[in-house]
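In UniProt numbering, the protein residues as written are 1 to 382.
In this text, a Cβ means the ideal position worked out from N, Cα and C, and glycines have one as well.
Remarks on the structure that follows.
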């Protein structure tokens, strides 16, 4: 009886040891673990994440991402709704979330023509303010916001979407009132407020030759005045058939050739048909709902899921190819349910543009990306 008991105990110990080894072997690797030696992998947080209301989404963020950006709560209309009034409640919680989870925190965005409060550009009578007044408002806004998070926010999208597809300056209120100097002033003020923070220019459709030339002019303009610019953010609101991989390949090489780092920002991949020929990411664009433009409202087919996965893999293979020049890849949202693409540019559609589905499950592409990096092809980690 004693021998039998001893044998039983020994077998139990052996079984536990084998189970422990197997568990260790199949331990799931996260995106951030796999990509750690390549580039930061980030995501945009909404208020449900920031305040812990979406606990399942928060779990994904903590597990898979090491960089975060605020989707909306740091934009000027939210953080600075009136001239003498700031609202830092949401932004403060966003920063705290990042610090508590050792994230690389990105501030988005300081100067943008969209989602800016109306008061910023007008006087008490509703007329455009003078150049000097708008410059002073810019300076106060940037110094206040960047100064509040000095040493905590690691990098700022200083200016967002200032160039058109054809390379011309966007005729925003900042441009028409101040002139192209507003960009230099914005970078100057941001650097004054936090000399150690990285400073970025961020825009969409950066694969367009005209926009590339415009951004090149912008970077040279900043450098002529010895102003800091660390990276260009290439917004990646893409679809199944745009842009081409060769366009992206050339664009990444073009910007890295200008001596700045490249960041793939706002990455999402729409599977829905485009209502117009050339897709950008102008939030002001809107089209009427048509059922023909919403073909997957009841779910995806296997064939379209396979196309989606392969398209994402093609992009990540390209990012890995350029890993020496790319410092960050950031998804614009956590799950498909969070994505702005469900309502843009046609409200009420059902899109599937992110790496995690509406049930908070990782899509097959997540595992495929991890496996691809773990293959460690020659030269990948050099």
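Would residue 197 pass as a contact of residue 156 if the rule is Cβ separation under 8 Å? yes
For residue 227, the nearest candidate out of 208, 241, 203, 185 (CA to CA): 185
Just confirm the distance between the C-beta atoms of residue 160 and residue 202, as a whole number of angstroms; I'd bet it's less than 8 Å. 5 Å
Around the C-beta of residue 310, are 16 or more other C-beta atoms found within 10 angstroms, so that it is buried, or is it exposed? exposed
Residue 369 (DSSP reduced to helix, strand or coil): helix
Any chance you could list the alpha helix (DSSP H) runs of at least 4 consecutive residues sitting entirely within the stretch 171–233, in chain order? 173–178, 181–193, 209–224
Taking the beta carbon of residue 324 as the centre, do at least 16 other beta carbons fall within 10 Å, making it buried, or is it exposed? exposed
Outcome for residue 190 when other beta-carbon atoms lying within 10 angstroms are tallied against a minimum of 16: buried
Going by CA-CA distance only, name the one from 320, 210, 49 that's closest to residue 263. 320
CA-CA distance, residue 31 and residue 374? 11 Å
For residue 122, collect the residues of the same chain with a Cβ closer than 8 Å to its Cβ; drop the 5 residues on either side in sequence, then sort them by chain order. 128, 129
Can you pull the DSSP bridge partners for residue 263? 233, 328
Please report the straight-line C-alpha distance between residue 293 and residue 299, rounded to a whole angstrom. 14 Å
Could I get the ranges of all uninterrupted beta strand (DSSP E) runs contained in the stretch 98–177, with 3 residues as the minimum, in chain order? 104–112, 155–160
Determine the burial state of residue 24: buried for a count of at least 16 other Cβ atoms within 10 Å of its Cβ, exposed for fewer. For residue 24, the predicted model reports a pLDDT of 43, less than 50, meaning its position is unreliable and no value from the coordinates is stated.
Taking the DSSP output, what are the residues bridged to residue 68? 43, 105
Could you pull out every residue in the same chain whose Cβ sits closer than 8 Å to the Cβ of residue 139, ignoring the five residues on either side in sequence? 185, 189
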